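Protein chains: 2
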Amino acid sequence: MQSTALEKQLGFLREIDRLKTVVRQSPLLNRSRKENSAEHSWHLAMYALILNEYADGPVNTDRVIRMLLLHDVVEIDAGDFPIHGGSAGEGQAEQEARAAARLFGLLPPPQASEFLSLWQEFERAETEDAKFAKALDRFQPLLINVFTGGGTWTESGVSLEQVHARYGPAIQQGAPRLWAVCEQWVARHFAGQGPGMPEQGG
Amino acid sequence: MQSTALEKQLGFLREIDRLKTVVRQSPLLNRSRKENSAEHSWHLAMYALILNEYADGPVNTDRVIRMLLLHDVVEIDAGDFPIHGGSAGEGQAEQEARAAARLFGLLPPPQASEFLSLWQEFERAETEDAKFAKALDRFQPLLINVFTGGGTWTESGVSLEQVHARYGPAIQQGAPRLWAVCEQWVARHFAGQGPGMPEQGG
Numbered sequence: 001m002q003s004t005a006l007e008k009q010l011g012f013l014r015e016i017d018r019l020k021t022v023v024r025q026s027p028l029l030n031r032s033r034k035e036n037s038a039e040h041s042w043h044l045a046m047y048a049l050i051l052n053e054y055a056d057g058p059v060n061t062d063r064v065i066r067m068l069l070l071h072d073v074v075e076i077d078a079g080d081f082p083i084h085g086g087s088a089g090e091g092q093a094e095q096e097a098r099a100a101a102r103l104f105g106l107l108p109p110p111q112a113s114e115f116l117s118l119w120q121e122f123e124r125a126e127t128e129d130a131k132f133a134k135a136l137d138r139f140q141p142l143l144i145n146v147f148t149g150g151g152t153w154t155e156s157g158v159s160l161e162q163v164h165a166r167y168g169p170a171i172q173q174g175a176p177r178l179w180a181v182c183e184q185w186v187a188r189h190f191a192g193q194g195p196g197m198p199e200q201g202g
Numbered sequence: 001m002q003s004t005a006l007e008k009q010l011g012f013l014r015e016i017d018r019l020k021t022v023v024r025q026s027p028l029l030n031r032s033r034k035e036n037s038a039e040h041s042w043h044l045a046m047y048a049l050i051l052n053e054y055a056d057g058p059v060n061t062d063r064v065i066r067m068l069l070l071h072d073v074v075e076i077d078a079g080d081f082p083i084h085g086g087s088a089g090e091g092q093a094e095q096e097a098r099a100a101a102r103l104f105g106l107l108p109p110p111q112a113s114e115f116l117s118l119w120q121e122f123e124r125a126e127t128e129d130a131k132f133a134k135a136l137d138r139f140q141p142l143l144i145n146v147f148t149g150g151g152t153w154t155e156s157g158v159s160l161e162q163v164h165a166r167y168g169p170a171i172q173q174g175a176p177r178l179w180a181v182c183e184q185w186v187a188r189h190f191a192g193q194g195p196g197m198p199e200q201g202g
């Protein structure tokens, strides 16, 4: 029996409800629990909406938002690979590619290939839109760690140098003015001080 | 001391983290817990992205997505008013308007007024974009109830007539082809049958 386009679309929308059960390492800002990947995706879309002026290159904010809305859907099959979780390497890329094929493949053909392409563009991080999206995907958890007094850095015993190495390149490439703020925050954090305020922002 | 634009923007993005702690009446599809308003907003944005062809009028999908991303932010101050929670009436509108003024007012002026306008447009439900956004905001919890064997309808003792009255107008106005599917689901549900499949979709 053939499914109609609408049946496939509704099947996809039901399937991705599971993203709400994928738990990330990062806490909520009030530290009451860990963040899940669905609400993280919402928050990142809001970051893109609010902070688009800090993108390094010319970006299409609506494409960035679409990219961020679906960037973590693969975690439904592949799980979340934490930034401080050790070497994920080849295994991660393969698992996520398989997940993308299965999940976006639930949609009718034009949407399936459209969203698969958008996800692949995000992963490759070569276009201005993807570079900005990737920068925000690093910036948001860094902000959480700074404003929760350490978050996953404290949990995983991460050093200042590791923070620079793991967050710096992506944020610097896609949103250098946000990285300038991060550098101040991180320096203060590892000096045992609070986040303070970014010195020059607007 | 004056805050820079970036400080205000980051303050807003931190403040709206609290939307992750606003719990709605609707469950997740796996019934493990109630949905929160942040992940609900993500899911609705995905509904808009996937289902835009079912809008009644010509819509700008990206505007609809932006509207849905921020439509519930007011709940941080005003709380969630459940659809089956009895008469909210004037109190709700006033509380939400105050919340919108405070929360969007955290942003620098151009964004503050831009997002306040977009939220007001959603609330008024007069434009094609807002009508479609409102339709999805009713369609998603209806789908959840049908696919969880009753959800909030069972909890609150809601009848078929009440479902038609509370969900029908908004969905019919913004997405009549989706309402046609809902009518079949709802009829089957109240006849003690499962959701089945929509008869004609694509």
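Taken in order, these protein sequences are the chains called A and B.
In terms of the UniProt record's numbering, the first sequence has 96 at position 96, counting the first letter as 1, and numbering is strictly consecutive.
In terms of the UniProt record's numbering, the second sequence has 126 at position 126, counting the first letter as 1, and numbering is strictly consecutive.
Positions of the beta carbon are idealized from the N, C-alpha and C atoms, including for glycine.
In this text, all values refer to a predicted model and were calculated from it rather than measured experimentally.
Counting only the Cα atoms, L118(A) lies some 11 angstroms from A125(A). Take the alpha-carbon of P58(B) and the one of A45(B): they are about 17 angstroms apart. With fewer than 16 other CB atoms across the displayed protein chains lying within 10 angstroms of its CB, T154(B) is exposed. Rounded to whole angstroms, A175(B) and R66(A) show a C-alpha spacing of 21 angstroms. Per DSSP, P141(A) has no beta-bridge partner at all. With a cutoff of 8 angstroms on beta-carbon distance, F147(A) and R14(B) are scored as near each other. F139(B) and L68(A) have their alpha carbons spaced roughly 23 angstroms apart.
Secondary structure of N60(B) (DSSP, three-state): coil. W179(B) places its beta carbon less than 8 angstroms from that of G168(B). For H43(B), the C-beta contacts it makes with chain A under 9 angstroms involve L13, I16, D17, L19, K20, A38, W42, in order along the chain. Ranked by how close their Cα comes to the Cα of A101(A), the residues I50(A), V73(A), W185(A) have V73(A) in first place. By alpha-carbon distance to E75(A), the top candidate from Y47(A), N30(A), G85(A), E96(A) is E96(A). Close CB contacts of G150(B) within its chain, under the 8 angstroms cut and outside five residues either way in sequence, are with H189 (chain order).
Contact between N30(B) and E39(A) is ruled out by a C-beta separation of about 16 angstroms, above the 8 angstroms threshold. DSSP assignment within the segment 77 to 114 of chain A yields the following whole alpha helix (DSSP H) runs of 4 residues or more, N-terminal first: 89 to 104.
If the five residues before and after H43(B) are omitted, its C-beta is found closer than 7 angstroms to the C-beta atoms of Q140, all from its own chain and listed in chain order.
Counted as a single uninterrupted DSSP element, the beta strand (DSSP E) harbouring R24(B) occupies residues 23 to 27. Apart from sequence neighbours up to five positions away, the residues of its chain that approach K134(B) with a beta-carbon distance below 6 angstroms are A125, A170, G174, ordered along the chain. In the structure shown, E121(B) adopts helical secondary structure according to DSSP, grouped into three states. Only exposed fits E94(A), as fewer than 16 other CB atoms lie within 10 angstroms of its CB.
A straight line joining the alpha-carbon of Y47(A) with that of V163(B) spans about 36 angstroms.
For F147(A), the chain B residues whose C-beta falls within less than 7 angstroms of its own C-beta are R14, listed in chain order.
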